[in-house]
Structures are given as structure tokens and as C-alpha cells.
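A.B. asks:
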Amino acid sequence: MLFIDSPSRNAYFNISSEEYLLSKFPEEDIFLLYVNDPSIIVGKFQNTLAEINLDYVNEHQIKVVRRMSGGGAVYHDAGNLNFSFHALLGNHDFMDFSTFTQPIVHILNKLDIPAKLEGRNDLLVDGKKFSGNAKLAKNGKMIQHGTILIDSQMQVLSDALKVNPLKFVDKAVKSNRARVTNLIEYLPAGFTTGVFKELLIEEIKRENPAAKMIEFTASDIENIEKLVEEKYETWDWNFGFSPNYNFKKAIKIPAGFIELHLDVHKGYIERAKIFGDFFASRSIHELENLLIGEKHEVGEIDSLLKSIDLTAYFGKVEPAEILTLFK
40 MLFIDSPSRN AYFNISSEEY LLSKFPEEDI FLLYVNDPSI IVGKFQNTLA EINLDYVNEH
100 QIKVVRRMSG GGAVYHDAGN LNFSFHALLG NHDFMDFSTF TQPIVHILNK LDIPAKLEGR
160 NDLLVDGKKF SGNAKLAKNG KMIQHGTILI DSQMQVLSDA LKVNPLKFVD KAVKSNRARV
220 TNLIEYLPAG FTTGVFKELL IEEIKRENPA AKMIEFTASD IENIEKLVEE KYETWDWNFG
280 FSPNYNFKKA IKIPAGFIEL HLDVHKGYIE RAKIFGDFFA SRSIHELENL LIGEKHEVGE
340 IDSLLKSIDL TAYFGKVEPA EILTLFK
């Protein structure tokens, strides 16, 4: 087994490194640890916009990254330790989540914390989730990765993942908003993410005495950053890859009641309908047609709206008022 403790806190880099390691080490088992700065990691098959509070995420500069595996959206910060096991697919039951979570359970049980694997892929204590796990298979290997909530900012977690479910109608995988807890509530005084990381490293070494510690080389970092640039920090991967969805929102402003319906395919608007009791001097269908082909992305919509005389469609309005329809 090769062991890597990532030096980066950039979620784009760390999520990208998982894909890179699959190709660089096609035969070796790997144990990767990393901590990310505030970020939301969405499952491969999720509609990103339906999982996040976009205004909050943008305001607080929280990165949003799509991972390779399925499952639900999770929040990462400095109080959250992330682990990633890479193994040959033929050596493990793909649906078994217990093997790679057992070291965590063992550590906590030794500390008299009643942690256990429950359901399909969650670690719980007192019925509350502190670790969610996901899996993927690719090129004859599998990855099982997960989170460990040590001392995460729970209010930020809640606010960043909060979204109005009435806005989106789609067939994408929805996150299960289970009750969550920080292990700091159960750990002895003085425990930090770093302390728990060292315990986990010791446990993995105990179970795998031949494990070899390695670091990313300059070439590794260059290749991972290239993958970040080409894929993991792009709108097309993080938002455009989302399944098709219907978006609906209504606002009440001085100009009247306005309701927007969008059909979105791979992140781009395919159909737009606008309803309401506003007064228009030009056909609202003109504006609907202008929206077709645009990204359902606030920055691009904002630029479009600022280039249009919206008063011809809604009366006395500001672009910022109409922009709220698209969030």
C-alpha cells in the first residue's frame, strides 16, 4: 500500500488527485488523506444547482466540485478529514463499505465512542451521522472515499447545502439530509482534526505494516493541476454535467408578479417561459428566445440582462431584480 498525505487544501486539486492516482498507479493499493478549505463536493449524478445555496456559496467563496463517485453532496472544511482508499476491484466486494471504514470505527471504539456502520454507507454515533462514504469503479480499480466530521462548522454546512426544493424538478440523485454531528462532541478534550489524522495514520500502518509513505512529485502536481484546469474547476464539469432539469421561480417586485420556467439540458437553457401580471410594451417571447442557448449560470445571465432594455418587457425594473428569477 502507498500512503499519501496531500499537502493541498484546494478541493479542486484533491478531488482531481483521486482520478490522477487511478491512472498513475493501476496496480497499487493507495490510502490518501486530505483536508479541504470550505467546499461542497457533489455526487457525479447530482444536479448541482439543486443541492447548493448558490447565493450563500458565492458570497462565502465556497468552492463547488463534482467528484467521480455517486452519492450525495457533502460539505468540507478544516474540521473535516477526508480519506480515500484505492484498491484492485477484483480483490474486494464493491458493495462492502465495512472493510475501509473499520479502521475509523476501531479507533473510536477504543475511545469508548459507540461508532458503527449503519445502513449502506454511513458511520453513525448515537444515531447521528459523522461520516458518509461513496464508491466508484474505473479501469479495474475501485475507490472508496469518505468524510469524517471532527469539528466542522455545522451552521455553514447547513446554510451552504440549503436550497428550495420547489425550484427544481429533475431525476437527479437527491442528497439525504441526515442528522449529522461532529466527533468533537464525543472525543476527549484537546482533540483536533490533526490529532485524529495521526491516529488514523497509525491505525492504517498497524494494519498495513509494509505501507510506503510517498509524496506528490513536481511532475504529479503539474499533471494534477492540468486535470484541475481541464476538468475539475470548469463550469462544464461542476454544473453543466448535471442531469436535465426544470427550474421554476416566482418573484413579486414593484413592477408586478413574474414567474419563470426553464428547461435546462447539460446546463444550457433549452426552453424559457415567463408569466406574470407585469406590463410589457414588447412581446415577452422575444426575451424568452434570447434566453435559449444561454448557460443557466448567474454571471452569464447577468451579462445578458444588462445588455437588454428590460423596461420594454417588464416596465420599470432593474436587471438585478430580474436576475433573482434565475437563482
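So the sequence shown is residues 40 to 366, counted in this note's numbering. Every residue gets a Cβ at the ideal spot worked out from N, C-alpha and C, and that includes glycine.
Expressed to the nearest angstrom, what Euclidean distance is found between the alpha-carbon atoms of VAL104 and LYS312?
C.D. replies: Distance between the alpha carbons of VAL104 and LYS312: 30 Å.
A.B. asks: Do you know offhand how far GLU237's Cα is from ASN178's?
C.D. replies: So the alpha carbons of these two residues sit roughly 31 Å apart.
A.B. asks: If you draw a straight line from the C-alpha of TYR51 to the C-alpha of ASP316, how long is it?
C.D. replies: The straight-line gap from Cα to Cα measures roughly 44 Å.
A.B. asks: Specify whether the segment 295-311 and the segment 128-143 touch according to this definition: at least 3 beta carbon pairs, one from each stretch, less than 8 Å apart.
C.D. replies: No, the segment 295-311 is not in contact with the segment 128-143.
A.B. asks: Would you call the segment 327-343 in contact with the segment 260-270, where contact means no fewer than 3 C-beta pairs closer than 8 Å?
C.D. replies: These segments do not touch.
A.B. asks: Spatial neighbours of GLU360 within its chain, please: C-beta separation below 8 Å, excluding the five flanking residues on both sides.
C.D. replies: Closer than 8 Å at the Cβ level, and outside the excluded window around GLU360, lie ILE290, ILE292, ALA294.
A.B. asks: Following the continuous alpha helix (DSSP H) through ASP259, name the residue where it begins and the one where it ends.
C.D. replies: Counting along the chain, the alpha helix (DSSP H) containing ASP259 begins and ends at 257-266.
A.B. asks: Could you tell me the distance, in whole angstroms, from the CA atom of GLN192 to the CA atom of GLY82?
C.D. replies: For GLN192 and GLY82, the distance between alpha carbons rounds to 21 Å.
A.B. asks: Would you tell me roughly how many angstroms separate the C-alpha atoms of PHE169 and THR273, rounded to the nearest one?
C.D. replies: Their backbone Cα atoms lie some 30 Å apart in a straight line.
A.B. asks: Just to confirm before moving on: does the CB-CB distance between LEU41 and GLU67 stay below 8 Å?
C.D. replies: The answer is yes: Cβ separation under 8 Å.
A.B. asks: Tell me whether MET181 is buried or exposed, calling it buried when 16 or more other Cβ atoms sit within 10 Å of its Cβ.
C.D. replies: So MET181 ends up on the buried side.
A.B. asks: Write down every uninterrupted run of the beta strand (DSSP E) in the segment 263-315 whose length is 3 residues or greater and which is fully enclosed by it, in chain order.
C.D. replies: Runs of the beta strand (DSSP E) inside the segment 263-315: 284-292, 295-304, 307-315.
A.B. asks: Taking Cβ positions, are ASN53 and TYR73 nearer each other than 8 Å?
C.D. replies: In this structure, TYR73 lies closer than 8 Å to ASN53 by Cβ.
A.B. asks: What did DSSP end up calling ASP135 once you bin it into helix, strand or coil?
C.D. replies: In this structure, ASP135 counts as coil in the three-state DSSP scheme.
A.B. asks: In angstroms with no decimal places, state the Cα-to-Cα distance between GLY118 and ASN283.
C.D. replies: Those two C-alpha atoms are separated by around 34 Å.
A.B. asks: State yes or no: is the C-beta of MET252 within less than 8 Å of the C-beta of LEU175?
C.D. replies: Contact flag unset, no.
A.B. asks: Applying the criterion that 16 or more other CB atoms from any shown protein chain within 10 Å of the CB defines a buried residue, is GLN194 buried or exposed?
C.D. replies: GLN194 should be labelled exposed.
A.B. asks: Quick one: measure Cβ to Cβ for ILE69 and LEU120, integer angstroms, because I've assumed they're closer than 8 Å.
C.D. replies: Rounded, the Cβ-Cβ distance is 17 Å, inconsistent with contact.
A.B. asks: Along the chain, where does the alpha helix (DSSP H) that runs through GLN194 open and close?
C.D. replies: Looking at the DSSP string, the run of the alpha helix (DSSP H) that includes GLN194 is 193-199.
A.B. asks: What do you get for PRO46, buried or exposed, if any count of 16 or more other CB atoms within 10 angstroms of its CB means buried?
C.D. replies: PRO46 is exposed by the Cβ-count criterion.
A.B. asks: Report the rounded CA-to-CA distance for ASP44 versus PRO142, giving the unit in angstroms.
C.D. replies: Cα-Cα distance, rounded: 17 Å.
A.B. asks: Just to confirm my understanding: we take ASP198, look at its own chain, exclude 5 residues before and 5 after, and list those with CB closer than 8 Å. What are they?
C.D. replies: Cβ within range, chain order: ASN92, TYR95.
A.B. asks: Whose C-alpha, out of PHE353, LYS345, ASP341, VAL337, is nearest the C-alpha of HIS324?
C.D. replies: Nearest C-alpha to HIS324: PHE353.
A.B. asks: So, helix, strand or coil for THR231, using DSSP?
C.D. replies: Coil.
A.B. asks: Just the C-alpha distance for LEU190 and ASN221, rounded to the nearest angstrom, thanks.
C.D. replies: Here residue 190 is Asp; the residue named in the question, Leu, does not match the sequence. About 5 Å.
A.B. asks: What separation, rounded to the nearest whole angstrom, lies between the Cα atoms of ASN75 and THR232?
C.D. replies: The straight-line gap from Cα to Cα measures roughly 12 Å.
A.B. asks: Looking at the secondary structure, which residues open and close the beta strand (DSSP E) in which LEU349 lies?
C.D. replies: Premise fails: LEU349 is in no beta strand (DSSP E) and is neither H nor E.
A.B. asks: Could you compute how far the alpha carbon of GLU246 sits from the alpha carbon of LEU196?
C.D. replies: Near 33 Å, if we compare the C-alpha coordinates of LEU196 and GLU246.
A.B. asks: From this set, ILE79, LYS287, PRO65, which residue's C-alpha is nearest LEU128's C-alpha?
C.D. replies: Per the Cα distances, PRO65.
A.B. asks: Which residue's Cα is closest to the Cα of ILE243: LEU301, PHE124, ILE297?
C.D. replies: Selected option, being the one with the closest Cα: PHE124.
A.B. asks: Looking at PHE139 and GLN183, is the spacing between their C-beta atoms short of 8 Å?
C.D. replies: Contact flag set, yes.
A.B. asks: Are ASN262 and TYR114 touching if we call contact CB-CB under 8 Å?
C.D. replies: Taking 8 Å as the Cβ cut-off, ASN262 and TYR114 do not qualify as a contacting pair.
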